[in-house]
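Q: Below are the structure tokens for one structure; questions will follow.
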Amino acid sequence: MLSSDKDGEVIAATRAMMRTLQAEGLDIHALADGITGSHNGSSRNHKYTEEDMRAAYRSGRADGRKEALNGKPHSTDEPSWHQIALECRKHVEHLRDREQEFVEDMVCRTVHGGELTEKQAKWLRDIWTRVRRM
Numbered sequence: 001m002l003s004s005d006k007d008g009e010v011i012a013a014t015r016a017m018m019r020t021l022q023a024e025g026l027d028i029h030a031l032a033d034g035i036t037g038s039h040n041g042s043s044r045n046h047k048y049t050e051e052d053m054r055a056a057y058r059s060g061r062a063d064g065r066k067e068a069l070n071g072k073p074h075s076t077d078e079p080s081w082h083q084i085a086l087e088c089r090k091h092v093e094h095l096r097d098r099e100q101e102f103v104e105d106m107v108c109r110t111v112h113g114g115e116l117t118e119k120q121a122k123w124l125r126d127i128w129t130r131v132r133r134m
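Anchor point for the sequence shown: position 73 equals 73 in the working numbering, and the numbering is continuous, going up by one each time.
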């Protein structure tokens, strides 16, 4: 997700990675040291193995992906899934029947913060991307 072209996904992955590092008592410098293999005279008292760093990275990456796909706030620029569904519903006349039903279901599902599956999130984002161009 860090290499995504979607700013919200990058931000969510970064924040999740930082939370994961902090939960392990690590910081971004420890991650960099783990990647480069250097433990140069910094003020950090811990030495972490490469596997420790890889595990922290994988965990943060997974958390960021889950947040990005489930509509957690990515940034102030990224609307919630409910806002996206409502925007899609405004353009219902441009959608196929199946898309109309799906969007209406997403409006209902997300009104109280319901989570989307990865497939639902992708489809809703695809529709949203298309209707924003209209």
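Even for Gly, the Cβ is constructed at its ideal location relative to N, Cα and C.
Counting pairs of Cβ atoms below 8 Å between the segment 109-122 and the segment 81-97, do you hit three or more?
A: Because the criterion of three Cβ pairs below 8 Å is met, the segment 109-122 and the segment 81-97 touch.
Q: Please give the ranges of any alpha helix (DSSP H) in the segment 79-108, keeping only runs that are unbroken, at least 4 residues long and fully inside the region.
A: For the segment 79-108, whole alpha helix (DSSP H) runs of length 4 or above, ordered along the chain, are 81-89.
Q: When you compare each of 51, 91, 13 to residue 30 by their alpha carbons, which one comes out closest?
A: For the residues 51, 91, 13, the minimum Cα distance to residue 30 belongs to 51.
Q: Given that a residue counts as buried once 16 or more other Cβ atoms are within 10 Å of its Cβ, and exposed if not, what is residue 120?
A: Buried.
Q: May I ask which residues mark the beginning and end of the alpha helix (DSSP H) holding residue 9?
A: Note, residue 9: alpha helix (DSSP H), 7-23.
Q: What is the rounded straight-line gap between the Cα of residue 122 and the Cα of residue 2?
A: Those two C-alpha atoms are separated by around 18 Å.
Q: Under 9 Å between the Cβ atoms of residue 13 and residue 64?
A: Their beta carbons are under 9 Å apart, which means residue 13 touches residue 64 by this criterion.
Q: Any idea if residue 124 is buried or exposed, counting beta-carbon neighbours within 10 angstroms, 16 or more meaning buried?
A: The residue in question, residue 124, is buried, as its Cβ has 16 or more Cβ neighbours within 10 Å.
Q: Which whole-angstrom value is the C-beta distance of residue 53 and residue 35, which I expect to be below 8 Å?
A: At roughly 6 Å, the Cβ-Cβ gap stays under 8 Å, so residue 53 and residue 35 are in contact.
Q: With a 10 Å radius around its C-beta and 16 neighbouring C-beta atoms as the bar for buried, classify residue 25 as buried or exposed.
A: Exposed.
Q: Buried or exposed for residue 99, please, with buried defined as at least 16 other CB atoms from any protein chain shown within 10 angstroms of its CB.
A: The residue is buried, with at least 16 neighbouring Cβ atoms inside 10 Å.
Q: Near residue 86, what residues of its chain come up, given a Cβ to Cβ distance below 7 Å and the 5 sequence neighbours on each side ignored?
A: For residue 86, where only same-chain residues beyond five positions count, the Cβ hits under 7 Å are 107.
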